[in-house]
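Each remark here refers to the structure printed beneath this line.
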Amino acid sequence: MAIPPLFKCPISLDLFTDPVTLCTGQTYDRSSIEKWLAAGNLTCPVTMQKLDDLSMVPNHTLRHLIDQWLQEDSQFCLDYREMINHVDCISVLKHRLDSEDSTLEEKLEIVEKVYILSEELPLQNSCLIQLDIFPLLLEKIFRKVNGSCSEDDLRFSERALACALKLLPFSDLTSLNMLKEEPVLDCFLSLFYRGNVNIKRNLCHIVEVISSSMETQQVSIMLGKSTKLQQELLNLLAETSEASEAGIKAISALSCLETSRENLVREGAVERLIAYILESEKYQRKLAPTAIATIERLLVVESAKEVVISNPSCVRALVKMVFRVSDHQGSESAVNSLLALCCDSNHAREEAISAGVLTQLLLLLQSQCSGRTKAKARMLLKLLNSTWVEQPKEAASP
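Counting from 1 along the sequence shown, just add 11 to a position and that's the residue number in our numbering.
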């Protein structure tokens, strides 16, 4: 049920809980007008008249009308009162979490309570967002005295990160711009180095979000230049747990930034991604298509092409992804990657043919893949057929 305009406080725009009237005749919720006056404002928020008298008179008539209105819809009344209770509860938790008097163990208990609230109804989530719990959690995770990373700190960071990620989809991403500060970024990288698999997986998700948002563009550029971060992300690809999938997604997001690609290639991203693809069936890894799409983006860097061409296993991995019986995800990226390599290198063409790319392309053309993928496959097939025809001529010449 919509709240009638006369029942809303002009400051908070919420239903009046304790309406009071000022000397100007305007009515406000007591808590809202008290905050207004406490901030040093000596005018009426609506009329902007100077307040010669700061006294507040309870508006009992309005309060009675609101109570009557609430009784007409008992469910709305229950929901509203429940919301007020949650706001009060979350406000107390926020104050205790932010207090220097609270111990780390107490803060951990608070984070657990916030996590439980975030898993319940959307009502709690909206209260958590409105009360800025997300930026407060980031502050507590990444602004640590002397960069402390004890076992207890790591335990707190693990739970606080899990809680922050629950709120992340509904939160203002500009809070993540705190990572532009060097000490904060150092703490972020230190957590990546010292944290367990859960911490690393959650940090990967944050990297992915930062790299994909215009609101955090400067931070994403900084992350793309961080050798330490890229090494940590690439090390995750050797894991057989969910951490490797989180690492792939984070690297893929970073590779979308032109400024990150050379650094990723220099740190061995191509080799690690190829290894991931080759082992995808053995370890039932699901993100081989994401890995091949990332390689396609990295191949705009000349040194990346040199890495692939000089390593037969790299070409074999690309050929393997051209056609897979299970699905065609990654086929287009594999064909595009081979086109980029084979256009400029006879050696790459020979390696691809040796790895069975002609059969793979013919199977792909007979499949249900997209028309665009088939068009690219025909281009590659034509290029490789010319190489296949030239080879016997060269062999026959004296």
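For every residue, glycine included, the Cβ atom is placed at its ideal position computed from N, Cα and C.
Selected residue, minimal CA-CA separation from residue i, among the options
i, options, result
"residue 143", "34, 178, 246, 296", "178"
"residue 312", "276, 239, 152, 368", "276"
"residue 66", "355, 386, 36", "36"
"residue 206", "168, 317, 359, 47", "168"
"residue 24", "129, 295, 57", "57"
"residue 240", "226, 267, 211", "211"
"residue 72", "103, 38, 51", "38"
"residue 146", "127, 108, 164, 359", "108"
"residue 295", "280, 81, 391, 252", "252"
"residue 125", "110, 160, 173", "173"
"residue 182", "194, 141, 193, 163", "141"
"residue 78", "265, 14, 345", "14"
Contact set for residue i: own chain, Cβ-Cβ below 8 Å, skip 5 residues either direction
i, result
"residue 166", "119"
"residue 322", "282, 285"
"residue 40", "20, 22, 23, 25, 27, 28, 29, 30, 31"
"residue 188", "226, 227, 229, 230"
"residue 360", "353, 394, 395, 398"
Residue i, DSSP secondary structure in three states
i, result
"residue 147", "helix"
"residue 163", "helix"
"residue 294", "coil"
"residue 305", "helix"
"residue 78", "helix"
"residue 68", "strand"
"residue 338", "coil"
"residue 202", "helix"
"residue 319", "helix"
"residue 155", "coil"
"residue 346", "helix"
"residue 30", "strand"
"residue 35", "coil"
"residue 40", "strand"
"residue 251", "coil"
"residue 236", "coil"
"residue 384", "helix"
"residue 114", "coil"
"residue 58", "coil"
Supposed close pair residue i, residue j - CB separation, criterion 8 Å
i, j, result
"residue 320", "residue 352", "6 Å"
"residue 200", "residue 218", "That belief does not hold up - the Cβ atoms of residue 200 and residue 218 are roughly 11 Å apart, past 8 Å."
"residue 247", "residue 272", "Between residue 272 and residue 247 the Cβ distance is about 19 Å, and since that is not below 8 Å, they are no contact."
"residue 330", "residue 366", "4 Å"
"residue 245", "residue 213", "Contact doesn't hold; Cβ gap of about 18 Å is too wide."
"residue 369", "residue 395", "6 Å"
"residue 332", "residue 342", "7 Å"
"residue 268", "residue 232", "7 Å"
"residue 198", "residue 155", "6 Å"
"residue 254", "residue 208", "5 Å"
Contact test: residue i Cβ vs the ligand HEM heavy atom, cutoff 7 Å
i, result
"residue 228", "Ligands in the displayed structure: none, and consequently the ligand HEM is not present."
Neighbourhood of residue i by C-beta distance below 6 Å, restricted to the same chain and skipping five residues each side
i, result
"residue 301", "259, 263"
"residue 340", "300"
"residue 334", "371, 374, 375"
"residue 185", "226"
"residue 328", "285, 288, 289"
"residue 69", "31"
"residue 314", "276"
Cβ neighbour criterion (16 or more within 10 Å) applied to residue i
i, result
"residue 43", "buried"
"residue 293", "exposed"
"residue 383", "exposed"
"residue 354", "exposed"
"residue 46", "exposed"
"residue 17", "exposed"
"residue 53", "exposed"
"residue 220", "buried"
"residue 59", "exposed"
"residue 316", "buried"
"residue 363", "buried"
"residue 191", "exposed"
"residue 249", "exposed"
Same chain only: Cβ atoms within 7 Å of residue i, ignoring 5 sequence neighbours per side
i, result
"residue 171", "122, 148, 151, 152"
"residue 356", "320"
"residue 242", "278"
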